[in-house]
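Novice:
2 protein chains.
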Amino acid sequence: MPRPSPVSDAVRGVIDAGQRHAWALDELLDSVRTHVPGADYSTVFRAVTMLERSGEVNRVEVGDGKARYEPNQEHHEHIRCRDCGQVAQVPGCVLLAAESEIAGATGFQVDGHSLLFSGVCPICQRKNDG
Amino acid sequence: MPRPSPVSDAVRGVIDAGQRHAWALDELLDSVRTHVPGADYSTVFRAVTMLERSGEVNRVEVGDGKARYEPNQEHHEHIRCRDCGQVAQVPGCVLLAAESEIAGATGFQVDGHSLLFSGVCPICQRKNDG
DNA sequence: GCATTTGCGCAAATGATTTGCGCAACCGGC
DNA sequence: GCCGGTTGCGCAAATCATTTGCGCAAATGC
């Protein structure tokens with residue numbers, strides 16, 4: 001029986017509750033503290049790092065200079081408010097949907113997008129083979 | 131006649147030369163220093179900030195925790211190597227192309243992508259109207 | 001009980017970006 | 001030519017977010 005870990009449990013709970021879509025660390029800390037008053041930033045950091053390593057949550061970058069975390073679920077896209085930074089989930093397959101449809105689905109006034117593929121470049125592929 | 135600004139000019143020159151696609155600040159500094167030996171990080175930072183404000187360059191986030199800068203040109207997507215961090219440009223309209231086509235076009239072994247829309251959320255739209 | 005493990009608060013290290021300060025080079029006017 | 005104001009920029013320090021070292025104290029297992 002592992003010993004209880006209130007902070008880590010609260011972190012998982014907050015993320016799973018899904019009140020927000022993509023949690024930044026400071027947002028997570030605020031929310032965790034409503035459950036565990038003395039919780040520390042570093043503990044929250046370690047908790048999400050563990051959850052990420054175990055595959056329970058995914059880390060996503062949404063271009064605001066902060067790491068954000070969301071429950072690990074099927075692949076989807078994000079939309080972030082230019083003004084307040086709120087991040088919401090874009091339902092369905094974005095590659096088929098036009099931006100106007102996205103706008104209809106999220107209520108956002110969509111004015112742009114950025115798509116980033118990731119993979120391994122030819123040079124590194126060669127390095128990895130060697 | 132404005133007084134000469136070798137560092138700022140070098141920054142613009144390096145970005146326009148297009149030897150690399152998306153420049154991080156430290157990469158820019160390295161390259162600028164081959165032209166202007168004593169150049170300082172903060173000067174390069176101020177230069178790209180100005181260029182960004184004037185619309186000559188765009189700042190892009192590619193999920194590696196660094197701000198990157200590219201010449202302002204038509205919209206396009208990016209691909210970044212998981213291993214070495216190199217960023218390349220994905221030609222053509224990505225929304226129609228499958229990942230395998232991307233792989234063919236860039237030589238990357240593509241294993242994922244992340245698409246981020248940006249816009250203004252309903253709450254902020256209301257705030258802006260008021 | 002007692003030794004050991006482990007969660008986590010505290011505070012400092014790291015890494016990237018941003019800002020304040022002030023020198024000195026440059027321009028224009030005289 | 002010389003002078004004064006402007007401005008580019010090097011230096012160093014301040015932010016900001018993330019990450020790590022340290023050590024206490026609580027909980028577990030023997």
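First to last, the sequence lines map onto chains A and B. Just so you know, we're using the working numbering here: the first sequence kicks off at 1 and counts up by one. Just so you know, we're using the working numbering here: the second sequence kicks off at 131 and counts up by one. Note that CB positions come from ideal geometry on N, CA and C, so glycine has one too.
1) Anything in the segment 100 to 122 of chain A with a Cβ closer than 9 Å to a Cβ of chain B? List those residues in chain order, please.
2) Below 8 Å, can you find three or more Cβ-Cβ pairs linking the segment 153 to 171 of chain B to the segment 238 to 248 of chain B?
3) Which runs of the beta strand (DSSP E) at least 3 residues long sit entirely within the segment 66 to 93 of chain A? Give them in chain order.
4) Does GLY193(B) come within less than 8 Å of chain A when only Cβ atoms are used?
5) Just confirm the distance between the C-beta atoms of GLY215(B) and ASP194(B), as a whole number of angstroms; I'd bet it's less than 8 Å.
6) Among LEU28(A), HIS76(A), CYS124(A) and GLN125(A), whose alpha-carbon lies nearest the alpha-carbon of ILE102(A)?
7) Would you list, in sequence order, the uninterrupted beta strand (DSSP E) runs of no fewer than 3 residues that lie entirely inside the segment 18 to 47 of chain A?
8) Could you compute how far the alpha carbon of CYS254(B) sits from the alpha carbon of LYS196(B)?
9) Would you kindly report the start and end of the unbroken alpha helix (DSSP H) that includes SER100(A)?
10) Could you round the C-beta distance between GLU70(A) and GLU191(B) to whole angstroms and report it? I think they count as a contact, below 8 Å.
11) Is VAL240(B) near the ligand HEM - that is, is its Cβ less than 7 Å away from at least one heavy atom of it?
12) Provide the residue(s) that pair with LEU115(A) in DSSP beta bridges, ordered along the chain.
13) May I ask you to report which of helix, strand or coil DSSP gives ARG53(A)?
14) Compute the distance between the beta-carbons of ALA177(B) and VAL220(B), then report whether it is under 8 Å.
15) With a Cβ-Cβ cutoff of 8 Å, do VAL7(A) and VAL44(A) count as a contact?
16) By Cβ distance below 7 Å, which residues in the same chain neighbour ILE158(A) in space, the five residues on each side in sequence not counted?
17) With 8 Å as the threshold, decide whether the Cβ of GLU204(B) is near any Cβ in chain A.
Specialist: On the basis of the coordinates in this document:
1) From the segment 100 to 122 of chain A, only ILE102, ALA103, THR106, GLY107, PHE108, GLN109, VAL110, ASP111, GLY112, HIS113, SER114, LEU115, LEU116, PHE117, SER118, GLY119, VAL120, CYS121 and PRO122 have a Cβ closer than 9 Å to chain B.
2) no
3) Here the runs fully enclosed are 67 to 71, 77 to 81 and 87 to 90.
4) For the purposes of this step, residue 193(B) is taken as the residue at position 63 of the second sequence. It does: the Cβ of GLY193(B) has a partner Cβ on chain A nearer than 8 Å.
5) Numbered from 1 along the second sequence, position 85 holds the residue referred to as residue 215(B). Numbered from 1 along the second sequence, position 64 holds the residue referred to as residue 194(B). The pair is a contact, with the Cβ atoms about 6 Å apart (cut-off 8 Å).
6) Locating residue 102(A) in the first sequence gives position 102, where the first residue counts as 1. Comparing Cα positions, the closest option is HIS76(A).
7) Listed in chain order, nothing qualifies, since the segment 18 to 47 of chain A has no complete beta strand (DSSP E) run of 3 or more residues.
8) Within the second sequence, residue 254(B) is the residue found at index 124, counting from 1. Within the second sequence, residue 196(B) is the residue found at index 66, counting from 1. Rounded to the nearest angstrom, the two C-alpha atoms are 27 Å apart.
9) Position 100 of the first sequence, counting from 1, holds the residue named residue 100(A). Under the DSSP assignment, SER100(A) falls in the alpha helix (DSSP H) whose first and last residues are 99 to 106.
10) Residue numbering aside, residue 70(A) sits at position 70 when the first sequence is read from its first letter. Residue numbering aside, residue 191(B) sits at position 61 when the second sequence is read from its first letter. 17 Å between Cβ atoms; not a contact.
11) The model depicted lacks the ligand HEM and carries no ligand whatsoever.
12) Residue mapping note: residue 115(A) aligns to position 115 of the first sequence, counting from 1. Paired residue(s): LEU245(B).
13) What you label residue 53(A) is simply residue 53 of the first sequence in a count that begins at 1. In this structure, DSSP gives ARG53(A) a helical state, which the three-state scheme calls helix.
14) As a working note, residue 177(B) is residue 47 in the second sequence. As a working note, residue 220(B) is residue 90 in the second sequence. Contact: no.
15) Indexing the first sequence from 1 puts residue 7(A) at position 7. Indexing the first sequence from 1 puts residue 44(A) at position 44. Taking 8 Å as the Cβ cut-off, VAL7(A) and VAL44(A) qualify as a contacting pair.
16) For residue 158(A) there is no data in the structure shown, the boundaries of chain A being 1 and 130.
17) As a first step, residue 204(B) must be located in the second sequence, where it is residue number 74. Not closer than 8 Å to any Cβ of chain A, the Cβ of GLU204(B) fails to qualify, so no.
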